[in-house]
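Chains as they are written, first to last, in my numbering: chain P, 1 to 148; chain F, 1001 to 1148. Beta carbons: idealized from backbone N, C-alpha and C, even for Gly.
2 protein chains.
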Amino acid sequence: MTTQTPNKADDVEEGTVLRPRFDAAGLVTCVTTDATNGDVLMVAHMNLEALQKTVASGEAWYFSRSRKALWRKGETSGHVQKVREIRIDCDQDAVWLRVEQTGGAACHTGRRSCFYRAAPLGQKGAAKLEFRDAEKTFDPDKVYPAKV
Amino acid sequence: MTTQTPNKADDVEEGTVLRPRFDAAGLVTCVTTDATNGDVLMVAHMNLEALQKTVASGEAWYFSRSRKALWRKGETSGHVQKVREIRIDCDQDAVWLRVEQTGGAACHTGRRSCFYRAAPLGQKGAAKLEFRDAEKTFDPDKVYPAKV
């Protein structure tokens, strides 16, 4: 290595330009937390267009891997996410959104957060789960079209 | 569909058994937050062994995709993560760890969080980043072996 050679790692880690490192599918991971208390609401993915729309609009857009489609959070349920801050991690392959979750629920099951079960510590091998903060704020059957 | 057929989605989403849905590489995404204030410290990955060791020991273990190796967080830096709670999301392909970050830094750059840059809202197209909460708590050159 010489000082003449640009250090790409430094550029990604210490630079001031957003240069997302998309995976082979063109996606980065996005973690979305509740700006009021730091709870993780959901983990999803973004392609370039979702990321650009989120930065530009201040509303959360994702890319649905199952539907293979751009997805404005809340477009069906009305529970949009107003973005308070967007952060990128050191190697620019993960995004953190701090949001105000309107309508009270980020999860398609009707719960505020997708993370409504805990695995108590100290278990060896197969682990049991306990429900935590798992109250439903809406009935998904009344909000989403019927599954076939 | 008949009522005789087990509904696997319900089992994954509403069950009380940890059944992680690993991707093709055998990994789930893990989001790690500071239990004291909810800040996202890092996003990493876990294979089955890392997840089981984390649940059993109460210390954070990950799987490094770049090194292709199981990785006890803090094994080089000494900055281990004491897990306060482990949660799993609705479709069991993402884990949330709430941790006490010992030594003050989760990021290999020496910062408390890997998310030390923000993309200000309202930008269209290529976006600029601003450093936030980016003070280094240690000098990585003194903690990690030299890169070649």
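Does any CB atom of chain P fall closer than 8 Å to the CB of residue i?
i	result
GLY1038 (chain F)	yes
VAL1099 (chain F)	no
LEU1027 (chain F)	no
GLN1081 (chain F)	no
VAL1031 (chain F)	yes
GLY1058 (chain F)	yes
Taking only beta-carbon positions, decide if residue i is within less than 8 Å of chain F.
i	result
GLN4 (chain P)	Bear in mind that the predicted position of GLN4 (chain P) carries a pLDDT of just 41, short of 50, making it too unreliable to give a figure here.
GLU85 (chain P)	yes
LEU48 (chain P)	no
VAL143 (chain P)	no
ASP150 (chain P)	Nothing in the structure corresponds to residue 150 (chain P), since chain P is present only between 1 and 148.
THR76 (chain P)	no
GLY103 (chain P)	no
Among all the DSSP beta bridges, which residues are the ones paired with residue i?
i	result
SER1066 (chain F)	According to DSSP, SER1066 (chain F) bridges with nothing at all.
LEU129 (chain P)	LEU129 (chain P) is not bridged to any residue.
ASP34 (chain P)	P:VAL99
LYS136 (chain P)	P:ARG111
THR1029 (chain F)	F:HIS1045 and F:ALA1094
Apart from the five residues just before and just after residue i, which ones in its own chain have a Cβ nearer than 6 Å to its Cβ?
i	result
MET42 (chain P)	THR32, ALA106 and CYS114
GLY122 (chain P)	none
ASP1039 (chain F)	SER1113
ARG72 (chain P)	TRP61
GLN1081 (chain F)	ALA1060, LYS1073, VAL1099 and GLN1101
Taking 8 Å as the limit between beta carbons, can you name the residues of its chain near residue i, skipping five residues before and five after?
i	result
TYR1116 (chain F)	CYS1107, THR1109, PHE1131, ARG1132, ASP1133 and ALA1134
ALA35 (chain P)	ARG84, GLU85, ARG98, VAL99 and GLU100
ARG1111 (chain F)	ALA1105, ASP1133, ALA1134, GLU1135, LYS1136 and THR1137
TYR144 (chain P)	THR76, SER77 and HIS108
Going along the chain, which residues of its own chain have a beta-carbon closer than 7 Å to the beta-carbon of residue i, five neighbours each way excluded?
i	result
GLN965 (chain F)	The shown model of chain F, from 1001 to 1148, leaves out residue 965 (chain F), and the question about it has no answer.
ILE1086 (chain F)	THR1054, VAL1055, VAL1095 and LEU1097
LEU27 (chain P)	HIS45, MET46, ASN47 and PHE63
(message) To be precise: take each residue of the stretch 1060–1073 of chain F, compare its Cβ to all Cβ atoms of chain P, and keep it if any distance is under 9 Å. Which residues remain?
(response) none
(request) Using a Cβ-Cβ cut-off of less than 8 Å, list which residues of the stretch 1127–1141 of chain F approach chain P; keep chain order. (result) ALA1127, LYS1128, LEU1129, GLU1130, PHE1131 and ARG1132
(request) Please list the residues of the stretch 1105–1121 of chain F that have a C-beta atom closer than 9 Å to any C-beta atom in chain P, keeping them in chain order. (result) CYS1107, HIS1108, THR1109, ARG1111, SER1113, CYS1114, PHE1115, TYR1116, ARG1117, ALA1118, ALA1119, PRO1120 and LEU1121
(request) Enumerate, from N- to C-terminal direction, the unbroken beta strand (DSSP E) stretches of 3 or more residues contained entirely within the stretch 43–120 of chain P. (result) 61–64, 69–72, 81–88 and 94–101
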